[in-house]
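S.K.:
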Ligand SMILES: Cc1cc2nc3c(=O)[nH]c(=O)nc-3n(C[C@H](O)[C@H](O)[C@H](O)COP(=O)(O)O)c2cc1C
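Numbering (my numbering), first residue to last: 57 to 305.
1) Does residue 105 come out as helix, strand or coil in the three-state DSSP assignment?
2) May I ask whether a heavy atom of ligand 1 can be found less than 7 Å away from the beta carbon of residue 118?
3) So, is residue 201 buried or exposed, given that buried needs 16 or more other C-beta atoms within 10 angstroms?
4) Would a C-beta distance cut-off of 8 Å place residue 123 and residue 266 closer than the cut-off?
5) Measuring CB atoms only, is the region 144–160 touching the region 68–76, in the sense that at least three cross pairs come out at less than 8 Å?
6) Verify the contact flag: residue 219, CB atom, against every heavy atom of ligand 1, threshold strictly below 7 Å.
7) Using 7 Å as the cut-off, classify the Cβ of residue 174 as near or not near the heavy atoms of ligand 1, replying yes or no.
8) Whose C-alpha, out of 174, 119, 153 and 218, is nearest the C-alpha of residue 165?
9) Roughly how many angstroms lie between the CA atoms of residue 92 and residue 86, to the nearest whole one?
10) How is the alpha helix (DSSP H) around residue 65 delimited, first residue to last?
11) State yes or no: is the C-beta of residue 138 within less than 8 Å of the C-beta of residue 282?
12) Please determine whether the Cβ atom of residue 268 lies at a distance below 7 Å from any heavy atom of ligand 1.
13) Hey, out of 135, 168, 213 and 216, whose CA is closest to residue 180's CA?
14) Please report the distance separating the alpha-carbon of residue 106 from that of residue 245.
15) Which residue from 58, 191 and 225 puts its Cα closest to that of residue 101?
16) Is the beta carbon of residue 167 within less than 7 Å of some heavy atom of ligand 1?
Structure follows, in structure tokens:
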């Protein structure tokens with residue numbers, strides 16, 4: 057076990073790769089995880105109706121930092137909608153193979169689903185939701201009162217998870233990536249997750265929101281809370297977002 061990281065890097069070199077599912081002629085996996093069609097979807101404000109202040113990219117990059125304390129001000133559905141678009145928003149669907157989104161992804165595989173722990177967003181009941189990128193809508197996953205505490209515990213008790221406006225939870229579906237890249241796809245999942253989170257950091261600057269990335273979490277616990285099997289679907293990365301305090305410390 058002690059050499060597992062080195063082993064992973066070695067065995068995912070091209071020379072060791074087996075033929076991918078795509079090379080073997082299998083059809084690609086679906087672009088989005090299925091959902092219960094009997095459930096009512098929750099509309100998000102349309103992108104074209106959302107006004108965001110113009111922020112110079114250089115300023116956004118300069119001022120970005122991890123923020124772990126937030127104001128009690130609720131975030132708005134407009135802000136949430138904008139941040140979802142900036143992190144996973146779909147610009148073009150190329151059925152049946154791929155989507156083009158606001159973030160890059162190896163082979164345009166876009167192998168993530170975005171779950172949201174909503175704590176303090178106007179008009180939205182607190183709880184766990186999932187973002188449906190193809191529809192640009194939300195679906196309820198779990199509104200039990202204890203869910204925020206459970207997810208906080210899963211993040212080693214990092215309190216900001218339940219004190220922020222919303223915690224983004226990115227779930228990886230390796231099959232969607234590995235269909236093209238076989239085992240090497242695991243590398244790309246982690247690289248892709250970094251791009252997504254960086255877009256969240258930068259776009260939040262334009263909303264006077266702060267972000268903190270989270271990779272310190274208990275895999276088994278988080279996967280079981282989200283009802284994921286931990287292999288075909290697993291939590292890869294999280295980030296908290298909330299309105300900045302007037303004076304940040
Ligand atoms: C992959 C990754 C994982 C991180 N995990 C955590 C975390 O679990 N908890 C936390 O408080 N900060 C976490 N951070 C935030 C870093 O601590 C922070 O980026 C670093 O201290 C530099 O500060 P800055 O972001 O303000 O520049 C993480 C950052 C990255 C990129």
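Beta carbons: idealized from backbone N, C-alpha and C, even for Gly.
Note that the structure is a prediction, hence the values are computed from the model and not measured.
M.R.: Answer, in terms of the structure:
1) Helix, per DSSP.
2) Residue 118 has its CB no nearer than 7 Å to any heavy atom of ligand 1.
3) Around the C-beta of residue 201, fewer than 16 other C-beta atoms lie within 10 Å, and the residue is accordingly described as exposed.
4) Residue 266 is positioned such that its CB atom lies closer than 8 Å to that of residue 123.
5) The answer is no - the region 68–76 does not touch the region 144–160, with fewer than three Cβ pairs under 8 Å.
6) It does not: the Cβ of residue 219 is nowhere closer than 7 Å to a heavy atom of ligand 1.
7) Checking the Cβ of residue 174 against ligand 1 gives no.
8) Of 174, 119, 153 and 218, the smallest CA-CA separation from residue 165 is found for 153.
9) Going from the Cα of residue 92 to the Cα of residue 86 covers about 15 Å.
10) Residue 65 -> alpha helix (DSSP H) spans 60–67.
11) No, the pair does not count as a contact, with Cβ atoms beyond the cut-off.
12) Taken from the Cβ of residue 268, at least one heavy atom of ligand 1 lies inside 7 Å.
13) Residue 135 holds the alpha-carbon nearest to the alpha-carbon of residue 180 among 135, 168, 213 and 216.
14) In this structure, the alpha-carbon of residue 106 lies about 30 Å from that of residue 245.
15) Among 58, 191 and 225, the Cα nearest to that of residue 101 belongs to 191.
16) No, the beta carbon of residue 167 sits no closer than 7 Å to any heavy atom of ligand 1.
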